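Following the numbering used here from start to finish, the sequence shown increments by one per residue and tops out at 795.
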Amino acid sequence: MRRDFEVQLGTADGMLGRTQRTIEYDHIQRQRYTTPSFFRAIPLDVEVGAKTIGYVKGAGDEVGRCIELLGVTLEYIDPATASLVDLDKYDAIVTGIRAYNTVEAMKGFNAVLMQYVEKGGTLVCQYNTRSSDMMVPDSLFGPYPFKLTRDRVTVEEAPPTFLAKDHPLLNTPNRITTADFDGWVQERGLYFCGSLDKHYTPLIAWNDPGEQPLNGGLITCDYGKGRYVYTGISFFRQLPAGVPGAYRLFANLISRREAQ
């Protein structure tokens, strides 16, 4: 059973802390209000087989901050200036949500990321959308082609089906079970991929009630000495919400291939 703890912040002399927030729009008068200051503690049974993670910022997600909570060193990468040599120190690199839609430098940097994987790195690519603002065609996102779709699973309680039960990403360093998908918020994922090249292994399938199972929410392949992962799973919602199972699964994704 998941047990969260809420602790109200205060001062040494017993004064309880409060957080001030401001509502400010052109069409209304500025308003300020305060709420009690709390932090929420969530006990996690999680291991991670990585020490240093690189992160390419996407469209305003908080996943980078959440990765740091796993006890790893996280550094933000500037794709406009980073070279292959600069990436050698990272056990894994994660691209933020919609990075391929919003970061112009991904046009050239994606090829560098593929070289990083080929040399032995792990690349975890979070969801993007197939639209006119794509910096790189979706067929070139990974080392082998796939296509982005509008497929999504909106029911957060949709039960998972493990398609490759023995795959390292579902077993090490954390053994993933159906219990890890309890307590999720809002959805399972969105903008899943399809038309997978034969080199890719889909790991999990879900479906909304009455719909066909979708297996493009989490795919992976080995490439050279490294590993490529593409995921439409809504980690950008689950990690800030403190969902333990999402942390355990994400820790597996960023763990070094040789550690698995």
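Backbone N, C-alpha and C fix where the C-beta goes; we use that ideal spot for every residue, glycine too.
As the structure is a computational prediction, the values presented were derived from the model and not from experiment.
Taking 6 Å as the limit between beta carbons, can you name the residues of its chain near residue i, skipping five residues before and five after?
i	result
V778	G718, W719
C660	T630, Y765
G729	K682, T684, G751
Q566	I558
H734	Y679, C756
F771	D596, V598, I632
E603	L609
S769	E722, G724
Could you work out which residue in the options is closest to residue i when comparing CA atoms only?
i	options	result
D482	R792, F785, T616	This structure cannot speak to residue 482, because the chain is shown only from 536 to 795.
L731	K592, I612, D673, A594	D673
P775	P703, G584, G599	G599
I612	L604, D623, G606, L605	D623
E582	I754, I711, F770, T616	I711
Y635	T616, S667, G606	S667
A494	F644, S769, G606	Within the shown structure, residues of the chain are numbered from 536 to 795, placing residue 494 beyond reach of any answer.
V638	G606, V591, L605, A646	V591
L753	G606, Q564, V607, L705	L705
N709	P744, G745, Y782, E746	Y782
Q525	H562, I563, C601	Because residue 525 is not part of the residues shown, which for the chain are 536 to 795, the question remains open.
Please name the residue or residues paired with residue i in a DSSP beta bridge.
i	result
W741	L749
E610	G589
G761	Y758
F676	None; F676 has no bridge partner.
V629	Y590, V659
V688	G724
R792	Answer is none; R792 lacks a bridge partner.
R567	T557
T696	A740
T766	L753
K654	Per DSSP, none; premise fails for K654.
K733	DSSP lists no partner for K733.
K682	G729
Report all residues from its chain with a CB closer than 7 Å to the CB of residue i; omit the five preceding and five following residues, and keep chain order.
i	result
L749	D686, V688, F727, A740, W741, N742
L698	P737, L738, I739, A740, N750
P744	V690
A646	none
Output yes or no for whether 7 Å exceeds the beta carbon distance between residue i and residue j.
i	j	result
D596	I628	no
Q650	L619	yes
L587	D621	Here residue 587 is Thr; the residue named in the question, Leu, does not match the sequence. Not closer than 7 Å, so no.
R665	L683	yes
D701	G780	no
M519	M641	It is not possible to answer for residue 519, since the shown part of the chain is limited to 536 through 795.
E610	G593	no
G677	Y763	yes
Y662	G767	yes
Beta-carbon within less than 8 Å of residue i's beta-carbon, same chain only, minus the 5 sequence neighbours each way: which residues are those?
i	result
G761	Y651, V652, E653, K654, G655, G656, T657, L658, R792
T713	P694, P695
G606	V583
Any beta-carbon of chain C closer than 7 Å to the one on residue i?
i	result
T630	Absent from the structure: chain C. Only one protein chain is present.
With a threshold of 8 Å, are at least 3 pairs of Cβ atoms found where one atom belongs to the stretch 711 to 731 and the other to the stretch 682 to 697? yes
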